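A short worksheet on the structure shown next.
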Amino acid sequence: MTNSIGEIEEAGTLLVIGSNTTETHPVIGYRMKMAQRKGASLIVVDPRRIDLAEHADLFLQLRPGTNEALLNGLIHVIIEEGLVDEEFVRERTEGYAEMEAAVKKYTPEYVEGITGVAADDIRQAARLYAQAENAAIFYTMGITQHSSGTNNVLAIANLAMVTGNVGKRSAGVNPLRGQNNVQGACDMGALPNVFTGYQPVDNRDAQSKFKKDWGVKLPTVPGLTVTEIIDGILDGKIKVLYVMGENPALSDANLNHVLEALDKVDFLVVQDIFLTETAARADVVLPAAAFAEKKGTFTNTERRVQLVRQAVNPPGDAWADWVILQELASRIGLKWNYRGPEEIFREIARLTPSYAGISYERLEKEGGLQWPCPDAGHPGTPYLHANQFSRGKGRFTPVEYQPPAEEPDEEYPLLLTTGRSLFHYHTGTMTRRSGAIDSFKPEELAQISREDAQKFGIGDGDLVKVTSRRGDVKVRVQVTEIVPPGVVFMTFHFHEAAVNRLTSNKVDPIAKIPEYKVCAVKLEKVAP
Amino acid sequence: MVSLTINGQKVEVEPEATILQAAEKLGIFIPTFCYDPQLTLVGACRMCVVEVEGMRALVASCCTPVRDGMVVHTDTERVRMAREVNLNLLLANHPLDCLTCEKNGDCRLQDYCYLYGVSESDYKGDRKDYELEDTNPFFIRDMNKCILCGLCVRTCQEVNGAAAIEIMNRGFDSKVATAFNDPLETSPCVFCGMCVDVCPVGALTPKQSIGKGRSYELDTVKTVCPYCGTGCGLELYIKNNEIVRVKGDPSSPVNRGQVCVKGHFGTDFLKNPERLKVPLIKKNGEFVESSWDEALGLVAEKLKGVKGTELAGLSSARATNEENYLFQKLLRSLGTNNIDHCARL
Amino acid sequence: MYEKQILICAGTGCVSSGSMHVQEALNEELKKHNLQDKVRIILSGCHGFCEKGPIFIVYPEDIFYCQVAVEDVPELVEEHLVKGNVVERLLYKDPVSDKRVSSHMDIPFYSKQKRQVLRNCGVIDPENIDEYIIRGGYSGMKKALNMEPMDIINTVKSSGLRGRGGAGFPTGMKWEFGYRSPGDKKYVVCNADEGDPGAFMDRSVLEGDPHAVLEGLIIAGRAIGSDEAYIYVRAEYPLAIRRLRIAIAQAEEYGFLGNNILDSGTNFKINIKEGAGAFVCGEETALLASIEGERGIPRPRPPFPAVKGLWGKPTCINNVETFANVPLILRNGAEWYSSVGTEGSKGTKIFAITGKVNNTGLCEVPMGISLREIVFDIGGGIRGGKKYKAVQIGGPSGGCIPEELLDLPVDFDSLTAKGAMMGSGGMVVMDEDTCMVDLARFFLTFTQNESCGKCTPCREGTKRMLEILQRITQGKGEPDDIERLEKLALSVKDSALCGLGQTAPNPVLTTLRYFRNEYEAHIFDRRCPAGVCKDLLSYYIDPELCIGCRACVKVCPAEAISGEKKEPHVIDETKCIRCGACFERCKKDAVKTR
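Residue numbers (our numbering), protein chains in the order written: chain Y, 2 to 529; chain F, 64 to 408; chain X, 163 to 756.
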């Protein structure tokens with residue numbers, strides 16, 4: 002997030018696109034609803050009539066996979082109606098003319114044809130967004146999990162910059178991160194192309210800094226992403242896979258492909274708290290401590306580094322991940338000698354400019370600090386880009402609408418989109434093993450519209466087989482008003498109905514994110 | 064700034080301040096049930112009544128703004144009588160089962176009865192007689208214990224926004240209920256359980272806690288929720304190496320005490336019997352328990368045994384920063400940048 | 163040209179005693195005698211003397227007929243309208259002198275009154291704006307439209323007008339708060355949620371002179387800077403609502419409502435909101451919540467509505483009678499207005515007088531009149547020659563006034579000093595047959611039932627007070643119940659959230675103050691001095707009077723009476739269920755109670 006959770010309530014307009022916030026980020030959802038009750042305009046853009054849509058001033062129900070057309074349409078109206086923040090565009094950005102030319106053809110009527118959203122609603126949304134003193138955009142995987150994900154994000158950036166809604170309170174571009182420490186994992190360089198704090202692995206200075214500090218030789222070309230690693234296994238390039246606290250056997254797109262790879266890899270180590278679907282395929286399983294069983298830090302979606310404290314002991318002989326890693330390092334011949342997480346953190350701060358001013362002592366005292374926090378006297382940064390963008394001027398990038406990689410056809414007439422529910426989390430490793438929660442929501446229910454239920458002769462609660470070009474799952478059906486006709490919605494929490502057997506591993510060419518949000522499927526009723 | 068006198072002590076406060084806030088500034092205690100600074104002020108419980116010179120009746124200090132020159136008394140005979148009668152009235156319609164009540168020791172009704180010396184009610188008569196509502200796995204509702212302060216209703220409406228509950232009926236028959244008194248499961252309730260945390264008495268009890276320890280036996284640890292990326296602060300209540308209750312951390316700048324169903328009621332996976340407790344090595348297609356030495360030795364050997372480019376690692380968006388740091392440090396030290404995690408999922 | 167006018171009362175009281183049927187019959191009868199072009203029938207508002215309804219007045223001679231039935235109409239037409247003879251038997255008969263009185267000005271019920279607010283009620287056709295205008299209507303508004311807001315407010319302030327809803331807050335001061343509250347949108351609200359049992363002052367004004375209320379609202383709007391008003395009126399007042407709607411439509415047609423009223427630049431719109439009958443919605447904050455579509459539950463004050471009222475906007479809220487006073491003040495001046503009344507209470511007050519008096523109905527009296535005058539002159543004294551015991555003033559939230567205080571002047575401050583309150587004007591007169599504990603129980607039953615349940619003292623406290631009172635009236639009172647009740651009542655009064663809860667204990671506290679001995683008799687002697695509380699009654703047979711006819715033995719369902727024929731009978735108290743059958747059956751009045 003460029004901005005902070007605490008600023009939501011003061012915003013004039015909230016544009017929530019591709020985010021089922023009240024289910025995936027409930028507490029942020031509360032704030033959005035509070036802001037709306039306080040007088041903010043809430044615009045919700047989603048293919049499904051999600052809970053937040055019920056609280057919205059304006060709900061735009063777009064066809065899945067048409068985000069960039071809609072975003073271009075909003076910018077088109079803003080330009081046409083003279084709502085551009087000209088001073089901001091002039092002083093703080095570049096490339097406006099190219100972007101302006103690109104959105105020229107995205108008239109509300111043209112966009113209506115692509116997205117199915119009424120032209121007048123597009124106009125009204127553009128006005129509500131552009132006329133507010135402070136307007137904030139929120140998005141999650143509904144924007145990124147597309148083969149055009151990068152373009153979607155760029156279009157969002159264009160929209161925010163054209164109205165000057167960057168670099169001030171209660172505005173900005175705010176991706177809501179899905180996992181407790183996904184921000185931290187990225188910050189820590191658990192990515193193929195960067196060290197901590199996004200220092201590129203192919204940058205000489207960074208290389209020499211880390212080489213010197215760590216006292217080892219370092220690879221200099223970026224590595225492979227998750228999807229490439231899976232492909233790499235199948236290609237025979239990757240022989241050993243070490244998985245710490247991840248469950249690709251349920252979470253990754255085109256699961257059959259992933260399972261094939263996990264079965265093929267020469268040696269698979271899985272370090273986790275439960276015997277997950279992935280761990281079950283491992284050669285060695287290492288028992289780890291869970292969140293309340295160890296000390297450390299998490300970094301949340303608003304870049305706030307917070308202390309995690311130990312409350313109970315790990316079960317049996319399970320160890321904290323950092324202990325396991327250190328023990329392993331010593332067996333490999335690396336001379337690590339961390340006495341605890343705090344010492345590791347000091348090293349992180351030393352090597353990471355955006356974390357340089359953060360220490361356990363400060364976290365204990367100040368209750369969390371938002372990076373960038375370059376020195377010990379810095380109060381942290383509630384919102385980014387206050388005076389300038391990281392690269393200097395903000396660059397507008399022209400974006401063209403590009404249809405999803407796989408669309409419904411005669412054979413697979415329905416569009417499957419995936420997401421999460423309020424009661425479960427990710428692959429269910431934790432929530433499926435929480436007595437109360439799992440007893441409350443014990444099984445997946447695929448959402449289909451009344452119209453499709455009628456069309457395919459399926460009733461509420463019926464068992465169906467959902468089939469895509471890549472696989473099939475059996476699941477019971479919930480007939481609902483939430484999804485529009487032609488769309489099926491499933492979550493990926495349930496191994497019994499692992500939706501990623503169906504999804505496509507077609508990825509965005511830049512971000513390498515698979516298109517979880519759109520693939521073509523068919524439904525057949527089956528005997529229970 | 065406005066200047067007023069409370070119990071003979073002068074205090075200066077902002078003009079928007081209430082008498083209660085001014086008293087707090089002086090460290091003068093005033094009992095409250097229905098007051099929560101995050102919620103609309105309703106002045107309903109009347110526990111916080113005080114005497115203001117020149118005013119005919121007692122006033123609720125929680126929602127009465129200060130005035131310059133105001134003279135307030137918070138502990139006169141008249142005030143004490145009003146509070147004592149108030150407690151007496153509540154007690155007349157409240158089970159006296161403190162011995163088995165989960166809320167014992169952390170109950171404001173109990174605390175104030177102690178403070179004002181009310182041990183049983185003066186008033187005999189009708190009592191509420193509601194069935195225990197025990198149909199959801201998260202918490203029990205015992206409306207016989209409800210004192211109708213309305214904190215849960217306002218929390219549901221003003222904090223969560225679900226507005227699943229309201230006060231049904233009127234007068235003596237008032238009851239906190241969903242529309243049509245349906246079970247919570249078929250209402251807009253999303254089981255965040257924030258109602259449970261604000262309840263000043265034992266009307267709402269988290270099932271996780273039942274029989275697991277008195278509030279004064281529990282240790283509190285502040286940490287961060289293991290679920291989504293919001294990063295809510297949680298207070299874990301611990302007894303005998305077990306989390307027996309979770310509450311949102313009111314001091315967290317992120318969630319200000321707010322929580323959702325997962326953070327609130329979803330930490331019991333920690334003690335799930337399926338937890339991995341020892342290293343496992345697959346031998347002939349079967350997992351065999353092993354020592355750390357053996358398992359780590361084997362892994363070290365395999366990691367060293369391939370070229371860096373043949374090695375890949377998936378780090379964890381659920382592990383700590385320190386652990387992610389060490390993971391990438393380890394893999395990079397082994398000569399590979401093939402490191403990723405589920406950021407894209 | 164009409165030769166005669168006949169006013170038939172079309173207030174709710176007379177309508178329910180049949181005035182509409184009388185009107186139909188009269189129409190028929192006039193046609194029969196071909197008088198329909200010579201006699202004009204006017205359906206008027208309430209005359210207040212509901213006890214004697216339907217009321218039927220013939221002008222120009224001003225002959226006041228009462229309790230006119232359909233069967234009387236042919237005679238009235240034949241005798242009075244055709245032959246010119248007054249029908250003596252339908253005139254009002256003074257209960258004291260036993261003489262027939264032909265003009266209503268000679269009836270004591272009217273002669274002690276000062277009908278200022280009710281000046282048009284029973285006189286004009288409330289559905290005809292011209293009749294209101296002819297009698298000076300809307301001239302106060304016209305004056306106000308040419309005045310500066312503060313001048314209007316100062317006029318109202320110096321008139322001494324105080325809110326007629328009950329609490330008696332100075333109206334001008336309230337308006338000034340509204341005027342001084344910053345805001346581009348402000349509201350005026352008329353509280354017409356008259357809820358006290360037996361009270362119908364506001365209904366009569368709305369039914370009989372709706373334009374007076376509208377005029378008052380427009381003036382208030384001009385004064386505080388509001389362009390919109392709501393009248394919150396109970397749905398149980400369909401006639402009032404209908405007449406208000408007609409009046410609003412007429413006022414709009416005449417340009418008294420709408421945009422740029424009479425070229426003054428002032429805009430004003432009046433909406434009607436029908437209330438659903440909760441007593442607590444008469445409390446101003448609950449009323450505002452109800453208009454907003456929320457549950458009708460009081461909110462804490464401050465902020466007062468004048469600062470933060472309807473939809474959070476500054477709102478001036480007054481009661482019907484208050485607004486109806488305003489046009490008079492503007493028209494005749496503050497000095498004229500304040501010439502009537504006492505030091506602290508100016509003008510008049512309307513009361514709905516009911517209970518054990520000869521004349522029940524509506525009366526408007528100058529402030530400062532004594533209770534004795536109201537009860538004995540206007541009310542015509544206690545019915546059936548019984549003894550006066552008390553008057554409950556202020557409705558269920560008020561208190562009772564015993565005989566020794568009958569010379570108390572009726573004004574806001576004197577009543578409050580005695581534990582009662584002016585209230586909105588309900589007045590229930592009790593005679594010696596009224597049990598004061600039972601009376602307190604009766605009123606508590608009402609307020610307990612109407613408690614919204616929001617605050618603890620009212621929700622739980624009224625319930626417990628009622629239970630104690632029930633216990634006492636059932637003969638199960640405990641020695642410390644009086645102390646318990648008194649402590650509870652004082653506490654509830656002192657700590658409840660809104661006016662309903664704060665005043666609900668008044669009947670308890672005043673009966674305890676003035677009739678404590680009755681409580682003691684119930685508790686310690688297990689006796690109800692008034693003989694009302696059934697459970698405390700015991701029947702016995704006076705052997706001196708009993709002739710041994712066995713009639714009582716036969717009717718007794720409990721077989722509690724024994725005795726030989728022609729011998730005095732005896733009631734077995736342990737078997738008696740106190741049904742009273744023997745009491746009613748005995749021809750010799752030998753069955754007695756104690």
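By construction, the Cβ of each residue, glycine as well, lies at the ideal position given by its N, Cα and C atoms.
In this text the structure is predicted, and so the values were computed from the model without any measurement.
Assumed close pair residue i, residue j - CB separation to whole angstroms, cut-off 8 angstroms
i, j, result
"Ile273/F", "Ala312/Y", "Actually they are not in contact, since the Cβ atoms of Ile273/F and Ala312/Y sit about 20 angstroms apart, beyond 8 angstroms."
"Leu195/F", "Asp185/F", "Not really, about 27 angstroms apart at Cβ, beyond 8 angstroms."
"Ile271/Y", "Val227/Y", "Correcting the residue type first, residue 271/Y is Val in the shown sequence and not Ile. Between Val227/Y and Val271/Y the Cβ distance is about 15 angstroms, and since that is not below 8 angstroms, they are no contact."
"Pro65/Y", "Leu415/Y", "That pair is no contact at about 11 angstroms."
"Gly378/X", "Ala486/X", "6 angstroms"
"Lys347/X", "Lys475/X", "5 angstroms"
"Leu492/X", "Lys305/X", "5 angstroms"
Cβ-based burial, residue i [other Cβ within 10 Å; buried from 16]
i, result
"Asn668/X", "buried"
"Glu303/Y", "buried"
"Val351/X", "buried"
"Lys411/X", "With the sequence shown as reference, residue 411/X is identified as Ala, and Lys is not the correct amino acid for it. Under this definition Ala411/X is an exposed residue."
"Arg308/F", "buried"
"Arg434/Y", "buried"
"Asn303/F", "exposed"
"Tyr221/X", "exposed"
"Val484/Y", "buried"
"Asp203/Y", "exposed"
is_contact[residue i, chain F] using C-beta, thresh 8 angstroms
i, result
"Arg297/X", "no"
"Ala12/Y", "no"
"Ile123/Y", "no"
"Pro201/Y", "no"
"Thr302/Y", "yes"
"Lys580/X", "no"
Delimiting residues of the alpha helix (DSSP H) encompassing residue i
i, result
"Val334/X", "Looking at the sequence shown, residue 334/X is not Val but Gly. Counting along the chain, the alpha helix (DSSP H) containing Gly334/X begins and ends at 333-342."
"Leu72/Y", "68-81"
Closer than 8 angstroms to chain Y by CB, residue i
i, result
"Gln173/F", "no"
"Pro342/F", "yes"
"Ile301/F", "yes"
"Tyr290/F", "yes"
Proximity test, Cβ basis, 8 angstroms: residue i and chain X
i, result
"Ile230/F", "yes"
"Arg109/F", "yes"
Segment limits, beta strand (DSSP E) that includes residue i
i, result
"Tyr227/X", "225-227"
"Cys562/X", "561-564"
With contact counted as at least three CB pairs below 8 angstroms, one residue from each stretch, are the stretch 286-296 of chain X and the stretch 202-210 of chain X in contact? yes
Three or more beta-carbon pairs under 8 angstroms between the stretch 166-185 of chain Y and the stretch 127-146 of chain Y, yes or no? yes
May I ask you to verify whether the stretch 399-407 of chain X touches the stretch 358-370 of chain X, counting CB pairs closer than 8 angstroms and requiring at least 3? yes
I'd like to know if the stretch 620-638 of chain X and the stretch 412-425 of chain X are in contact, where contact means that at least 3 CB-CB pairs between them fall below 8 angstroms. no
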